[in-house]
Amino acid sequence: MDKQYATAAEAVADIPDGSSIAVGGFGLVGVPIVLIRALLESKTTDLEVVSNNCGVDGWGLGLLLSAGRIRRIIASYIGENKEFARQYLGGEVEVELTPQGSLAERLRAGGVGIPAFYTASGVGTVVSEGGMPWRYDSNGAITLASPAKPTATFDSLGDAKEYVLEKAIRTDYALVRAAKGDRHGNLVFEKSTRNFNPLAAMAGRITIAEVDELVEPGALDPDEVHLPGIYVDRVVVLSREEATDLPIEKTTVRPRPADSSTGTETN
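Residue numbers (UniProt numbering): 1 to 267.
Next comes the structure, spelled out in structure tokens:
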């Protein structure tokens, strides 16, 4: 089955208002930016987004956020997105913060048909006991808080511990970015872009992948495939310019060591 779409705009055209969307990436790594921009152009709104974070100001999911298209976010941290923090604290967007490992497993569980699972992460905190602010009003008062979650004690190798029940995440759509893919939807991810992309792809009922390089079916060694095509419904190949649009989230430099003979910095 050929799953290639001619453009990103065509691939996201049927995403309706109010959809839930799992989005791959971490910071600026592995972000499906072309699909996000196409979704921005489509004017789709009232979205619930599930992603490790919500991009940065002016890039990635930050584009949809600043345009007021996102209603609710499930993420592991707010990061350095000032607009994200402003909207959350100002009561403009609902945010469900989840431990990063739990978020990853909730996405994976949704993809493989596990409805819920127990984990030790968050036991004894507001994650399990409830009360984490999900929404504020414009004056900073909490208007919606997380509910308490079921807990249970399990004995593992003679060591009884308490665990909290986390529900799986299943979304209407998923947007992901891969280094390479074929027309059947088999995907290969580049290094750390393999963090949340496969998990987001698994969680979506309809998964759309943008790929830097498209190859014919059979060209990928089965051992090379990180995500099988059964999880992918649509594939969009990027132009060279789109594939190389990879900004650096934070540039850090250090002084060059001084030349002891001259007292000046060396090149």
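In this text, a Cβ means the ideal position worked out from N, Cα and C, and glycines have one as well.
All of these numbers come straight from a predicted model, not from anything done at the bench.
Member of the options whose CA lies at the smallest distance from the CA of residue i
{"i": "K149", "options": "S51, F117, G55, Y88", "result": "F117"}
{"i": "R72", "options": "P228, S20, E129, V236", "result": "S20"}
{"i": "A174", "options": "V12, Y88, G91, M1", "result": "V12"}
{"i": "A219", "options": "A203, I114, N186", "result": "N186"}
{"i": "M202", "options": "G124, V23, R135, V93", "result": "V23"}
{"i": "R234", "options": "I206, V188, D212", "result": "I206"}
{"i": "R240", "options": "T119, G25, D212", "result": "D212"}
{"i": "K180", "options": "D172, E190, T171", "result": "E190"}
{"i": "V34", "options": "M1, A243, D155, D159", "result": "A243"}
{"i": "M1", "options": "V253, G229, T251", "result": "G229"}
{"i": "residue 273", "options": "H184, D245, E216, A258", "result": "Outside the modelled stretch of the chain, which goes from 1 to 267, sits residue 273, for which no answer is possible."}
{"i": "K3", "options": "L214, T251, V225, D223", "result": "L214"}
{"i": "A85", "options": "P133, G158, D182", "result": "P133"}
{"i": "P222", "options": "D182, C54, S146", "result": "D182"}
{"i": "residue 273", "options": "R254, L246, T171", "result": "The requested residue 273 does not occur in the structure, where the chain is confined to residues 1 to 267."}
{"i": "R106", "options": "A160, S51, D155", "result": "S51"}
{"i": "Y5", "options": "V236, L246, R254", "result": "V236"}
Same chain only: Cβ atoms within 7 Å of residue i, ignoring 5 sequence neighbours per side
{"i": "E249", "result": "G27, L28, V56"}
{"i": "P99", "result": "S76, S121, G122, V127"}
{"i": "D17", "result": "T44, T45, D46"}
{"i": "R135", "result": "G91, E94, T143, L144"}
{"i": "V49", "result": "I21, V23, L61, I70, I73"}
{"i": "G101", "result": "S121"}
Cross-strand partners of residue i (DSSP beta bridge)
{"i": "L135", "result": "The sequence as given places Arg at residue 135; Leu does not occur at that position. According to DSSP, R135 bridges with L144."}
{"i": "Q100", "result": "Per DSSP, none; premise fails for Q100."}
{"i": "F117", "result": "E166"}
{"i": "V236", "result": "E210"}
{"i": "L47", "result": "I70"}
{"i": "L175", "result": "V23, I208"}
{"i": "D156", "result": "The residue asked about is misnamed: residue 156 is Ser in this sequence, not Asp. According to DSSP, which records beta bridges pairwise, S156 is partnered with D159."}
{"i": "L187", "result": "G181, L227"}
{"i": "E41", "result": "Partner(s): none; E41 has no beta bridge."}
Cβ-based neighbour list, residue i, same chain, cut-off 8 Å, excluding 5 preceding and 5 following
{"i": "L40", "result": "L63, L64, A67, R69"}
{"i": "D137", "result": "G91, T143"}
{"i": "L238", "result": "V34, E210, V211, D212"}
{"i": "A38", "result": "T7, A8, A9, A11, V12"}
{"i": "V225", "result": "N186, L187, V188"}
{"i": "G58", "result": "S66"}
6 Å Cβ shell around residue i - same chain, five flanking residues per side excluded
{"i": "V95", "result": "I73, Y88"}
{"i": "G30", "result": "G24, R177, T193, N197"}
{"i": "L104", "result": "Reading off the sequence, residue 104 comes out as Ala, not Leu. Cβ within range, chain order: L199."}
Residue i CB to nearest heavy atom of the ligand ATP below 8 Å
{"i": "L40", "result": "No copy of the ligand ATP occurs in the structure displayed, which carries no ligand at all."}
Could you tell me whether the stretch 167-175 touches the stretch 97-117, using the rule of 3 or more Cβ pairs below 8 Å? yes
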